[in-house]
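Trainee: The sequence shown runs 209 to 657 under the numbering used here. Even for Gly, the Cβ is constructed at its ideal location relative to N, Cα and C. Sharing a structure, written as structure tokens. Questions coming.
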Amino acid sequence: MLAGPADQECLRFGAPVDRAALRALVAEQAARLAAVGLRRGGTAALRLAPSLGYVAALLACWQLGARAVLLDHRLTDREVALAVERLAPEVLVESAHGPAAALRGFAETDPVPVALPNGRPAATGHALVQLSSGSTGPAKVIARTAADLLRELDCYARLEAFPKAGGRVVLLSSVVHVLGLVGGLLNSLYARVPLTVPARMTTAGILATIAADDRPTTVIGVPFHAELLAGATDAPPLPQLRRMIVAGELVRPGLPAAFTDRYGVPLGTMYGMTELGVIATDLDGALHPEAVPVHGMDVREDGGELHIATAASPYPGLTDPTRWSDGRLHTRDAGRVDPATGRITVLGRRDSQVSIGGLKVDLNEVEHTLAALPEVREAVVVFVDGAIEAYLATESAGTADRADAVREALTRELAAFKRPRQLTFLPALPRTATGKLVRDTAALRAAAR
Numbered sequence: 209m210l211a212g213p214a215d216q217e218c219l220r221f222g223a224p225v226d227r228a229a230l231r232a233l234v235a236e237q238a239a240r241l242a243a244v245g246l247r248r249g250g251t252a253a254l255r256l257a258p259s260l261g262y263v264a265a266l267l268a269c270w271q272l273g274a275r276a277v278l279l280d281h282r283l284t285d286r287e288v289a290l291a292v293e294r295l296a297p298e299v300l301v302e303s304a305h306g307p308a309a310a311l312r313g314f315a316e317t318d319p320v321p322v323a324l325p326n327g328r329p330a331a332t333g334h335a336l337v338q339l340s341s342g343s344t345g346p347a348k349v350i351a352r353t354a355a356d357l358l359r360e361l362d363c364y365a366r367l368e369a370f371p372k373a374g375g376r377v378v379l380l381s382s383v384v385h386v387l388g389l390v391g392g393l394l395n396s397l398y399a400r401v402p403l404t405v406p407a408r409m410t411t412a413g414i415l416a417t418i419a420a421d422d423r424p425t426t427v428i429g430v431p432f433h434a435e436l437l438a439g440a441t442d443a444p445p446l447p448q449l450r451r452m453i454v455a456g457e458l459v460r461p462g463l464p465a466a467f468t469d470r471y472g473v474p475l476g477t478m479y480g481m482t483e484l485g486v487i488a489t490d491l492d493g494a495l496h497p498e499a500v501p502v503h504g505m506d507v508r509e510d511g512g513e514l515h516i517a518t519a520a521s522p523y524p525g526l527t528d529p530t531r532w533s534d535g536r537l538h539t540r541d542a543g544r545v546d547p548a549t550g551r552i553t554v555l556g557r558r559d560s561q562v563s564i565g566g567l568k569v570d571l572n573e574v575e576h577t578l579a580a581l582p583e584v585r586e587a588v589v590v591f592v593d594g595a596i597e598a599y600l601a602t603e604s605a606g607t608a609d610r611a612d613a614v615r616e617a618l619t620r621e622l623a624a625f626k627r628p629r630q631l632t633f634l635p636a637l638p639r640t641a642t643g644k645l646v647r648d649t650a651a652l653r654a655a656a657r
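Right, dumping it as structure tokens:
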């Protein structure tokens, strides 16, 4: 993955880093890890912010033949302690530096490995362990082999519109999570596409990073980042921008057109999961809301839920036929598969259907209707105590006129039994570490206080 000309630029976390410099950093981190006892078949947990140090430590783990367990650096000490107890890594790698400032795209880190007394070597051949980044429910332990990662990289290589040598990537997604890790970092190293992480994850910071290089540029992020850029009022000319690609959650109606109107390039979408990586794509934005499964992906619609063929369960030690059975991963995503074209349409989480007074209501429908209103930037809908509550981000949160306009629009768009009992207006909605909208009722109510 690090083969190629030694002086070829591969990463920019502030300053450019060529392949020779990255190889030296990886060797240094490998020596540190080996000094505390990490060996082939061992396990190391990384609790590091996105940084050059994180990249070097991760690649060093794999160079040693060890399993890397990724812990988001924003987890609390208690959450990390629980994860360590649950996963039992032999080594924990943290930074000697303090946490990164808010809105920073990357941090300065000095990875410090420490041997843990109760750690255990890997019991399976998985190279990577991640905790799911979903917005509801407890985190799942998800494991992937080196072959899994190489298969996903091959899928990206087969996508004509995905970044290739000669272009560059501006990465907005965290390299600790699957989109930024595989679709961003690993694919860029594998395909020899220089990758840049903006110093600041603000609209101005992202636009300045795109404008700073003349090479054909693809931006990779989540829908929240596309919302930021689509709303920019003073965006400079960006002739190098070829497209933006987003994944992680459904794109609200109107966002692809708004982004293309602003920049004259497509907003592509991808559907994927931590368990599998990329599953289906619409990189030119021509098929939305449909997407085409990537090479070798066998997707089936079963009772309105998307099921995907996998050789083994991605959940080590977990026996749950509602998640994986008979060689198929149960995504718990509602969706359709077009029998003629094989294209899939993701409709949202399967648990989004509720009953109100004996009538079925799809919360995704209510949420999408709200998000499409001109008064609303984004929306989250939850079902609490037999009624629907909606949390809305608007330009002028809480004003009576804005609330009246939303309620008036809903009377035209939705039947009375589908309308939220309560509308709560916020300047911005809370998000998970990966940028997904939070759907936990307690967290939403706390944000509204």
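Which complete alpha helix (DSSP H) runs does the region 415–453 hold, if anything under 4 residues is left out?
Mentor: Listed in chain order, they are 431–438.
Trainee: My output table needs one value for residue 544: the three-state DSSP class, helix, strand or coil.
Mentor: Here residue 544 sits in strand by DSSP.
Trainee: What are the start and end residues of each continuous beta strand (DSSP E) run of 3 or more residues lying completely inside the region 595–628, in chain order?
Mentor: Runs of the beta strand (DSSP E) inside the region 595–628: 595–601.
Trainee: Looking only at its own chain, which residues have a Cβ that is under 7 Å from the Cβ of residue 389, when we skip the five neighbours before and after it?
Mentor: Around residue 389: 383.
Trainee: Look up residue 467 in the DSSP assignment and say whether it is helix, strand or coil.
Mentor: If DSSP states are grouped into helix, strand and coil, residue 467 belongs with the helices.
Trainee: According to the Cβ coordinates, are residue 570 and residue 563 closer than 7 Å?
Mentor: Taking 7 Å as the Cβ cut-off, residue 570 and residue 563 do not qualify as a contacting pair.
Trainee: Thinking C-beta only, is residue 452 closer than 7 Å to residue 475?
Mentor: Result yes, Cβ atoms of residue 475 and residue 452 sit closer than 7 Å.
Trainee: Please classify residue 503: is it buried, with 16 or more other beta-carbons within 10 angstroms of its beta-carbon, or exposed?
Mentor: So residue 503 ends up on the exposed side.
Trainee: Expressed to the nearest angstrom, what Euclidean distance is found between the alpha-carbon atoms of residue 249 and residue 330?
Mentor: Rounded to the nearest angstrom, the two C-alpha atoms are 6 Å apart.
Trainee: Taking the alpha-carbon positions, what's the residue 375 to residue 401 distance?
Mentor: Cα to Cα, the separation comes out at about 6 Å.
Trainee: For residue 271 and residue 223, what's the separation of their Cα atoms in angstroms?
Mentor: Taking the straight line from one Cα to the other gives about 24 Å.
Trainee: How big is the Cα-Cα spacing for residue 626 and residue 555?
Mentor: Near 17 Å, if we compare the C-alpha coordinates of residue 555 and residue 626.
Trainee: Determine the extent of the beta strand (DSSP E) in which residue 555 is found, giving its start and end residues.
Mentor: Start and end: 552–557.
Trainee: If you follow the beta strand (DSSP E) that residue 287 is in, where does it begin and where does it stop?
Mentor: Careful: residue 287 lies outside any beta strand (DSSP E), inside the alpha helix (DSSP H) at 285–295.
Trainee: Please name the residue or residues paired with residue 321 in a DSSP beta bridge.
Mentor: In DSSP, residue 321 forms a bridge with 301.
Trainee: Tell me which same chain residues have a C-beta within less than 7 Å of the C-beta of residue 591, skipping the five on either side of it?
Mentor: Closer than 7 Å at Cβ, skipping near neighbours: 562, 571.
Trainee: Using alpha carbons as the reference points, say which of 454, 531, 577 lies closest to residue 432.
Mentor: Closest by alpha carbon: 454.
Trainee: As a quick exercise: from 251, 285, 464, 582, pick the residue whose alpha carbon is nearest that of residue 275.
Mentor: Taking only the C-alpha atoms, the option nearest residue 275 is 251.
Trainee: Would you list the residues sitting across from residue 478 in a DSSP beta bridge?
Mentor: According to DSSP, residue 478 bridges with 489.
Trainee: Apart from the five residues just before and just after residue 651, which ones in its own chain have a Cβ nearer than 8 Å to its Cβ?
Mentor: Counting only Cβ-Cβ distances below 8 Å, and skipping sequence neighbours, we find 638.
Trainee: Are three or more beta carbon pairs between the region 412–426 and the region 231–240 nearer than 8 Å?
Mentor: No, because fewer than three Cβ pairs between the region 412–426 and the region 231–240 fall closer than 8 Å, the two stretches do not touch.
Trainee: Should the region 507–517 be called in touch with the region 455–464, which here means at least 3 C-beta pairs below 8 Å?
Mentor: Counting Cβ pairs under 8 Å, fewer than three are found: no touch.
Trainee: Just how far apart, CA to CA, sit residue 306 and residue 418?
Mentor: Computed Cα separation, rounded: 28 Å.
Trainee: Do residue 288 and residue 278 have their C-beta atoms within less than 7 Å of each other?
Mentor: No, they are not a contact pair.
Trainee: What do you get for residue 574, buried or exposed, if any count of 16 or more other CB atoms within 10 angstroms of its CB means buried?
Mentor: Residue 574 is buried by the Cβ-count criterion.
Trainee: I'd like the ranges of any alpha helix (DSSP H) spanning at least 4 consecutive residues and lying wholly in the region 335–411.
Mentor: If we require 4 residues or more, the alpha helix (DSSP H) runs fully inside the region 335–411 come out as 354–366, 395–399.
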